[in-house]
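In my numbering, the protein residues as written are 1 to 97.
All C-beta atoms in this analysis are idealised placements derived from N, C-alpha and C, irrespective of residue type, glycine included.
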């Protein structure tokens, strides 16, 4: 192996290294379970991608884990349904709590 003919300066080394920084990852939100996921990737939590179930996540779990996961999914869907309540009327808005 040959030796370098001249030493590289600190500024030259640092100019080369300035592009080695880590980029911040951009996450999107899973529409079903609201967990952060990478764009164009299947959700690891619920197994859905673009509104379709790709992998049945509950099939590989044990009975105890499956029940817990089903409760979490039901709770998330319940919260999602609760947000879709009918809008308040003017009379309901004017009531004092």
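Proximity to residue i [Cα-Cα], best of the options
i          : options        : result
residue 56 : 34, 64, 44     : 44
residue 60 : 17, 77, 47, 51 : 47
Same chain, Cβ closer than 6 Å to residue i, five either side skipped, listed in chain order
i          : result
residue 27 : 36
residue 33 : 45, 46, 76
residue 39 : 28
Contact belief for residue i with residue j at Cβ below 8 Å, rounded distance in angstroms
i          : j          : result
residue 54 : residue 42 : 5 Å
residue 52 : residue 58 : Not quite, the Cβ-Cβ distance comes to about 16 Å (not below 8 Å), so this is no contact.
Extent of the continuous alpha helix (DSSP H) to which residue i belongs
i          : result
residue 35 : Per DSSP, residue 35 belongs to no alpha helix (DSSP H) and is neither H nor E.
residue 14 : 10 to 17
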